[in-house]
Amino acid sequence: MKKVISILCLIMLCFSITACDNSETNENNQISQHEAPRSDSTQQTDNGKASKKLTMIDLIITVGNKEFSAKLYDNQTTKALVKQFPLTVDMSEQNGNEKYYYLSNTLPTVSEQPGKIHAGDIMLYGDNCLVAFYKTFSSSYKYTRIGYIEDAASFVQVVGDGNIKVTFDLAK
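So, in C-alpha cells, the structure goes:
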C-alpha cells in the first residue's frame, strides 16, 4: 500500500512541476521570417513605441502567361540579385517541392537553417542557387532568405511537375 501511495505522490509531483513551468515550446515561441509581417508597416515593440519600418521590395514573377506578386526582403542578397533583373531562367524540378536555377555569378549570403520551408518561399541555396518552393515541408538545409510569393496557392497550381521558364522583374 505504501508503494502505491508513494507512486501516486511521485506522479502528482511530476505533474505539478510541469504545470508550474510557464515556458512554451520553441515552436510556439519562434516566429519564422515567413510569418513576419508582409507589408511596409511600422512595427510595435512591447512598450508600445514604434520601431524600425520593415521595408520590402515588390517583385513580379512570370510563369508562362501568369504573373505572381512577390515580396523580397531588403538585404544584401536581394540587392545583388535585383541588379540582374529582368532575369528569365529555366528552373529545374527538384524533389517534388521546389524549382531551382544556378546563377552564373555568386551572391552575398547570410544562410540559416529555417527548419520549416513554406510554399511560396524564395531562397538562395549556397551562394548561387535560386530556389522557389511550391510545397511546405521541414528541412535541415541552410538557405539565405530572399522573399516569398504572395499567392503561393496559385503558384503551386501553375508550376507543375517539370521544368519551367520563369521571369523575375521588379514591379513597376
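Following numbering that gives the first Met the number 0, the numbering of the sequence shown begins with 0 at its first residue and continues without gaps. For every residue, glycine included, the Cβ atom is placed at its ideal position computed from N, Cα and C.
Option nearest residue i by Cα separation, candidates the options
i, options, result
"G95", "D150, S153 and F136", "F136"
"D89", "V130, Y72 and Y142", "V130"
"G159", "M55, L58, G63 and T54", "G63"
Whether residue i touches residue j by CB criterion (7 Å)
i, j, result
"S138", "I121", "no"
"F146", "L71", "Note that residue 146 corresponds to Gly in the displayed sequence, not to Phe. Cβ distance < 7 Å, so G146 and L71 count as in contact."
"I59", "D168", "yes"
Residue i versus residue j - alpha carbon distance
i, j, result
"V81", "S110", "18 Å"
"S91", "V157", "14 Å"
"P113", "K171", "31 Å"
"R144", "L123", "7 Å"
"N127", "Q75", "14 Å"
"T61", "Q83", "16 Å"
"K48", "P107", "Confidence at K48 is low in this model, with a pLDDT of 44, below 50, so the placement of that residue is unreliable and no value is reported for it."
"Y172", "A151", "The shown model of the chain, from 0 to 171, leaves out residue 172, and the question about it has no answer."
"N104", "K78", "14 Å"
"D211", "I163", "A question about residue 211 goes unanswered here, because the residues of the chain that appear run from 0 up to 171."
"G125", "V165", "20 Å"
Chain-order list of residues whose beta-carbon lies under 7 Å from that of residue i (same chain, five-residue window excluded)
i, result
"F154", "F67, G119, Y133 and I148"
"G161", "E92"
Closer than 7 Å to chain D by CB, residue i
i, result
"T108", "Looking at the structure shown, chain D is missing, and only one protein chain is on hand."
Open item on the list: Tell me whether the stretch 57-69 and the stretch 100-112 touch, counting them as touching only if at least three CB pairs, one residue from each stretch, are closer than 8 Å.
Closed with: no
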